[in-house]
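Notes follow once the structure below has been shown.
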Amino acid sequence: MHFTAQASSNGVVENHFTLGEITGVFWSSAADSDATPVVLMGHGGGQHKQAPGIVARAQHFVTTCGFTVAAIDAPGHGGRPRTPADDQIIATLRQAQAAGEPVAPIIVEYNASLASRAVPEWRATIDALQQLPSIGVDAPIAYCGTALGTAIGVALTAADPRIAAAVFGLLGHESLIEAAASITVPVEFLLQWNDEYVDRDSALALFDAFGSAEKTLHANPGGHAEVPAFQLDTTTEFLTRHLVRTA
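In the working numbering, the protein residues as written are 97 to 343.
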């Protein structure tokens, strides 16, 4: 992990880093601490590690809960170059949108491609974070990401036993069912009842597929981008309960 920049504001320290081709950032409290619980934040499609929603939630989790929060750019996102295959599928997506044709199958294909590349990158990032004195190998870890963040997060949580709890949502597809069934950690799942991009039955089927003994569905009226602000409070309570209990 190579640190490229650092900034501090209102008790939150922001560290930018690279790890091979991975570009990332993590936020932590300015106060010294050991074995700090970690929340891995996955961004949505077309966004990046410092999208406004990511930064706002990261600062909230640091100042309210004392967590360390890490985010990395998905392949082809943020400052990372896209492959020719990425460019082709994005062009196909834009053509379908312009023609008013269904885009869900295209998004599913692209999400699957990104997840296959992002999972080993996230696992390498966890390895590097655990080498930091403020975190170490004993710090509990959770994952939090919706939409593309869920496509990547479901695959990551199924593959990495270090993740102790997860927040997913705003996505559903049969291609995720097998991985979801292998997940047994506590799960909070967010659903927008009138999501214009995600089929409701598909999202409900994904929630039902999780093998977790403890899983909670939070369904709210509104479209894909209309998750109510109060949802952050329930997610904070969920993460605090499981990370502090695990710690």
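We put the beta carbon where it would ideally sit given N, CA and C, even for glycine.
What is the rounded straight-line gap between the Cα of residue i and the Cα of residue j?
i: Thr221; j: His338; result: 21 Å
i: Ala192; j: Leu272; result: 23 Å
i: Ala127; j: Gln143; result: 30 Å
i: Ala276; j: Leu302; result: 7 Å
i: Asp256; j: Glu117; result: 21 Å
i: Ser298; j: Leu266; result: 10 Å
i: Lys145; j: Thr132; result: 21 Å
i: Val340; j: Gly174; result: 32 Å
i: Val287; j: Tyr293; result: What sits at residue 287 in the sequence shown is Leu, not Val. Approximately 12 Å between the Cα atoms of the pair.
i: Leu335; j: Ala261; result: 7 Å
i: His98; j: Thr332; result: 30 Å
i: Gly196; j: Leu210; result: 24 Å
i: Leu115; j: Ala305; result: 34 Å
i: Ile259; j: Arg190; result: 35 Å
Which same chain residues, not among the five before or five after residue i, have their C-beta less than 6 Å away from its C-beta?
i: His112; result: Thr100, Ala101 and Val121
i: Gly138; result: Gly241, Gly245, Ile248 and Gly249
i: Gly162; result: Ser125
i: Asn207; result: Leu244 and Ala247
i: Thr280; result: Gly307 and Ser308
i: Thr312; result: Glu284
Given residue i, which residues of its chain have a CB within under 7 Å of its CB, disregarding the five upstream and five downstream residues?
i: Asn290; result: Pro317, Gly318 and Gly319
i: Ser278; result: Ala254 and Gly307
i: Ala214; result: Ala170, Pro171 and Ile248
Applying the 10 Å Cβ sphere with the 16-neighbour rule, what's the burial state of residue i?
i: Thr242; result: buried
i: Ser212; result: exposed
i: Gly172; result: buried
i: Glu110; result: buried
i: Ser308; result: buried
i: Gly107; result: exposed
i: Ala343; result: Unreliable positioning characterises Ala343 in this predicted model, as indicated by a pLDDT of 45, which lies under 50. A coordinate reading is not provided.
i: Thr179; result: exposed
i: Glu217; result: buried
i: Phe326; result: exposed
Residue i: beta carbon under 8 Å from a heavy atom of the ligand ADP?
i: Ile186; result: With respect to small molecules bound, the structure shown includes none, and the ligand ADP cannot be examined in it.
By Cβ distance below 8 Å, which residues in the same chain neighbour residue i in space, the five residues on each side in sequence not counted?
i: Ala167; result: Gly120, Val121, Phe122, Leu136, Met137, Gly138, His139, Lys145, Gln146, Ile150 and Ala154
i: Val233; result: Gln226
Which runs of the alpha helix (DSSP H) at least 4 residues long sit entirely within the region 247-287? Give them in chain order. The qualifying runs are 273-277.
Within the chosen definition, does the region 231-250 reach the region 194-201 through at least 3 CB pairs nearer than 8 Å? The region 231-250 makes no contact with the region 194-201: fewer than 3 CB pairs, one atom from each, lie closer than 8 Å.
Tell me, please, whether the region 175-183 touches the region 154-165 by the rule of three or more beta-carbon pairs shorter than 8 Å. No contact exists between the region 175-183 and the region 154-165.
Entirely enclosed beta strand (DSSP E) segments - the region 120-192, minimum 3 residues: Every beta strand (DSSP E) of 3 residues or more that sits fully in the region 120-192 is shown, in chain order, as 134-138 and 164-168.
Restricting to runs no shorter than 4 residues, where is the alpha helix (DSSP H) found entirely within the region 280-330? Segments of the alpha helix (DSSP H) lying fully in the region 280-330: 296-305.
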